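Engineer: I am attaching a structure below and will ask some questions about it afterwards.
There are 2 protein chains.
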Amino acid sequence: MAGARKPAALEEPGLEQVGLGALEHSAGLMLRIAQLTAFERFFALFGESEIKISEFTVLMAVAENPGIRQGVLADVLKIKWSNMTKLVRTLEERGLVARHVPRHDRRSVVLSPTDEGRRQIEKSGEKMYRLDREALSMLTDAEHDQLIALTRKIAGWPPISER
Amino acid sequence: MAGARKPAALEEPGLEQVGLGALEHSAGLMLRIAQLTAFERFFALFGESEIKISEFTVLMAVAENPGIRQGVLADVLKIKWSNMTKLVRTLEERGLVARHVPRHDRRSVVLSPTDEGRRQIEKSGEKMYRLDREALSMLTDAEHDQLIALTRKIAGWPPISER
DNA sequence: TATTGTTATACTCTATAACTATA
DNA sequence: TATAGTTATAGAGTATAACAATA
């Protein structure tokens, strides 16, 4: 393997000398670069795993909202419905999530965690949060909170204080 | 088309009632959701275009750093070398960027904008920055600056004040 | 008619590894 | 031996549209 062996900005010394000019004030671009950096670090720490982060995230969200409609969950997590179908099916096949068609609206599908799903969360949840924080360890706690507040606002979610 | 017709959090009223619990304190997840939201809004505003955002970003970066090595640029923008090759070639074929092999290290390729490339920047640059800002119009100017500062730090770039 | 979810598929993006040329 | 870039391809992620069932 050649090419792209280095974690870029982490090691390479002269990298910060590359200016992007006005481009550095593009919050969209910076948001993307930051997200890629954070995920790169997270995956490096997380390593191989039997459950994907996207799947685990859905599992956690279901556990937080037992009985949530599948489509609503997809919208919140910005996952397309068509892709959510496959993702949820995977979780169902592994016995982590149960699907249920409610009587009052039989078009819909509501989700809830199984006991095994809850066990999986107990098992992997702590690790995930720890590594998530570690991937962003360059931020102080205050900056971390700032980031949460800003990203919530961008996503159109209410401030934490108001909930 | 069915499924996912709504821009999620933008229209749907009851969406903010879905809590994600501890998951909402995952800066990694929030960073991703925010980035997706911002890009969704940006693309909705930007519409169809003859040049892709990724291509335009590279063009801008080259114009800011004439003579930059292709691999360095790839690292900065978090694009894999193999993918950068194709991207730069596209820009070259359109006559926007010129590739040059320097005498002192003939393994490398350095990039510079053509006159046509500079024209393209002049033509699309203003629009891009305006829409980029508009996609994040839910933030105040102060919050926007905060976001730039935080994302720079995450990316491992020096604070703007120090440059 | 509109909505919820599914299916199939196309498309784009990203990742991986082998390769050439140069240092 | 190491580095810069290329090529081909695999793989993941995402998007699109037609569809069935229900409201």
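Respectively, the protein sequence lines represent chains A and B.
Mapping to our numbering: the first sequence position 62 is 62, numbers consecutive.
Our numbering runs 163 ahead of the 1-based position in the second sequence.
No residue lacks a Cβ here, since even glycine has one placed at the ideal position from N, Cα and C.
Please read these numbers as outputs of a predicted model, since none were measured by experiment.
What span of residues does the beta strand (DSSP E) with B/HIS263 cover, start to end?
Structural biologist: Walking along the second sequence from the start, residue 263 of chain B turns up at place 100. Per DSSP, B/HIS263 belongs to the beta strand (DSSP E) from 260 to 263.
Engineer: Do the region 274 to 281 of chain B and the region 255 to 262 of chain B meet, that is, are 3 or more Cβ pairs less than 8 Å apart?
Structural biologist: Because the criterion of three Cβ pairs below 8 Å is met, the region 274 to 281 of chain B and the region 255 to 262 of chain B touch.
Engineer: Compare the Cα-Cα distances from B/THR220 to each of A/LEU77, A/VAL62, A/GLY21, A/ILE53 and report the closest residue.
Structural biologist: As a working note, residue 220 of chain B is residue 57 in the second sequence. Checked all of A/LEU77, A/VAL62, A/GLY21, A/ILE53; the closest Cα to B/THR220 is A/GLY21.
Engineer: Counting only Cβ pairs nearer than 9 Å, list the residues of chain A close to B/LYS215.
Structural biologist: In the second sequence, the residue the question calls residue 215 of chain B occupies position 52. Result: empty, since nearest Cβ-Cβ is about 13 Å, beyond 9 Å.
Engineer: On the three-state DSSP scale, how would you describe B/ILE214?
Structural biologist: Taking the second sequence and counting its residues from 1, one reaches residue 214 of chain B at position 51. Three-state DSSP puts B/ILE214 in coil, outside helix and strand.
Engineer: Rounded to whole angstroms, how far is the Cβ of A/LEU131 from the Cβ of A/PHE46, which I believe are closer than 8 Å?
Structural biologist: As a working mapping, residue 131 of chain A is identified with position 131 in the first sequence. As a working mapping, residue 46 of chain A is identified with position 46 in the first sequence. With 8 Å as the limit, A/LEU131 and A/PHE46 qualify as a contact, their Cβ atoms being about 5 Å apart.
Engineer: Under 7 Å Cβ-Cβ, which residues of chain A neighbour B/ARG195?
Structural biologist: As a working note, residue 195 of chain B is residue 32 in the second sequence. The answer, in chain order, is GLN35.
Engineer: Starting from the Cα of B/HIS188, find the closest Cα among A/THR85, A/SER161, A/ASP145, A/HIS25 and give me that residue.
Structural biologist: For the purposes of this step, residue 188 of chain B is taken as the residue at position 25 of the second sequence. That would be A/ASP145, whose Cα lies nearest to the Cα of B/HIS188.
Engineer: Just to confirm before moving on: does the CB-CB distance between A/LYS78 and B/LEU302 stay below 8 Å?
Structural biologist: Start at 1 with the first residue of the first sequence, and residue 78 of chain A comes out as number 78. Start at 1 with the first residue of the second sequence, and residue 302 of chain B comes out as number 139. No, these two residues do not count as a Cβ contact at 8 Å.
Engineer: Answer with yes or no whether the minimum CB distance from A/ALA155 to chain B is below 8 Å.
Structural biologist: Counted from its first residue, the first sequence places residue 155 of chain A at position 155. Yes, because at least one Cβ of chain B sits closer than 8 Å to the Cβ of A/ALA155.
Engineer: Would you check if the region 211 to 231 of chain B and the region 188 to 201 of chain B touch, i.e. whether three or more CB-CB distances between them fall below 8 Å?
Structural biologist: With a cut-off of 8 Å, the region 211 to 231 of chain B and the region 188 to 201 of chain B do not count as touching, because too few Cβ pairs lie within range.
Engineer: Taking just the CA atoms, how far does B/ARG232 sit from A/MET84?
Structural biologist: Counting from 1 along the first sequence, the entry for residue 84 of chain A is found at position 84. Counting from 1 along the second sequence, the entry for residue 232 of chain B is found at position 69. Going from the Cα of A/MET84 to the Cα of B/ARG232 covers about 41 Å.
Engineer: Would you tell me roughly how many angstroms separate the C-alpha atoms of A/SER124 and A/PHE42, rounded to the nearest one?
Structural biologist: Within the first sequence, the letter at position 124 stands for residue 124 of chain A. Within the first sequence, the letter at position 42 stands for residue 42 of chain A. Whole-angstrom Cα-Cα distance: 14 Å.
Engineer: How should A/GLN35 be labelled, buried or exposed, when 16 other C-beta atoms within 10 angstroms of its C-beta is the threshold for buried?
Structural biologist: As a first step, residue 35 of chain A must be located in the first sequence, where it is residue number 35. It counts as buried.
Engineer: Strictly by DSSP, which residues pair up with A/ARG69?
Structural biologist: Taking the first residue of the first sequence as position 1, residue 69 of chain A is located at position 69. Answer is A/VAL110, bridged to A/ARG69.
Engineer: Under 8 Å, CB to CB, which of the residues in the region 180 to 192 of chain B have a partner in chain A?
Structural biologist: Within the region 180 to 192 of chain B, the residues whose Cβ lies closer than 8 Å to some Cβ of chain A are VAL181, GLY182, LEU183, GLY184, ALA185, LEU186, GLU187, HIS188, SER189, ALA190, GLY191, LEU192, listed in chain order.
Engineer: Taking only three categories from DSSP, how would you classify A/ASP141?
Structural biologist: Indexing the first sequence from 1 puts residue 141 of chain A at position 141. Correct three-state label for A/ASP141: helix.
Engineer: Between the alpha carbons of B/ASP238 and A/LEU87, how many angstroms are there, rounded?
Structural biologist: As a working note, residue 238 of chain B is residue 75 in the second sequence. As a working note, residue 87 of chain A is residue 87 in the first sequence. Straight-line Cα distance between these residues: approximately 32 Å.
Engineer: Would you tell me roughly how many angstroms separate the C-alpha atoms of A/VAL109 and A/ARG103, rounded to the nearest one?
Structural biologist: Along the first sequence, read from residue 1 onward, the residue named residue 109 of chain A stands at position 109. Along the first sequence, read from residue 1 onward, the residue named residue 103 of chain A stands at position 103. For A/VAL109 and A/ARG103, the distance between alpha carbons rounds to 10 Å.
Engineer: What separation, rounded to the nearest whole angstrom, lies between the Cα atoms of B/THR270 and B/VAL264?
Structural biologist: In the second sequence, the residue the question calls residue 270 of chain B occupies position 107. In the second sequence, the residue the question calls residue 264 of chain B occupies position 101. The amino acid occupying residue 270 of chain B in the given sequence is Arg; Thr does not appear at that position. Rounded to whole angstroms, B/ARG270 to B/VAL264 spans 7 Å at the Cα level.
Engineer: Relative to the C-alpha of B/GLU203, which residue among A/GLN17, A/LYS80, A/SER161, A/ALA135 is closest?
Structural biologist: Sequence index remark: in the second sequence, residue 203 of chain B carries index 40 (1-based). For B/GLU203, the nearest C-alpha among the options comes from A/LYS80.
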